[in-house]
Amino acid sequence: PGVLQVEAMAQVGGIFALSKVEDPHLYSTYFMKIDNVRFKQKVIPGDTIVFELKLMSPIRRGLVQMQGKGYVNGQLVSEAEMLAQIIKDQVQ
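Here my numbering is used: the first residue of the sequence shown is 264, the next is one more, and so on.
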């Protein structure tokens, strides 16, 4: 289902966002919105989706704007734009 593709893309996006900061283990990522989701082709059980993410603009105030695309066998199957915020965890 498409909702699983979006969830997987968001999970990859969270890892991607944290890869852009020093000491990523000290931060958490929170998604604020996901826009312009498009499903281009059907994905069936057994397919492997490869996600490609890129920054849409520089990270400012912890806000990360990303564009994600999912591919199966080199064919575009889904795409979305995501906005997330990186927040430093409170150490107790």
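Positions of the beta carbon are idealized from the N, C-alpha and C atoms, including for glycine.
This one's a predicted model, so the numbers in the text were calculated from it and none came from an experiment.
With distances taken between CA atoms, GLN353 lies nearest to HIS288 out of ALA271, VAL327, MET345 and HIS288. By alpha-carbon distance to MET272, the top candidate from LYS317, LYS283 and PRO308 is LYS317. Separation of VAL335 and GLU315 (C-alpha to C-alpha, rounded to the nearest whole angstrom) is 11 Å.
A residue is called buried when at least 16 other Cβ atoms come within 10 angstroms of its Cβ; GLY333 meets this threshold and is buried.
For the pair VAL300 and GLU342, the Cα-to-Cα distance works out to about 6 Å. GLY325 and VAL340 have their C-alpha atoms some 29 Å from each other.
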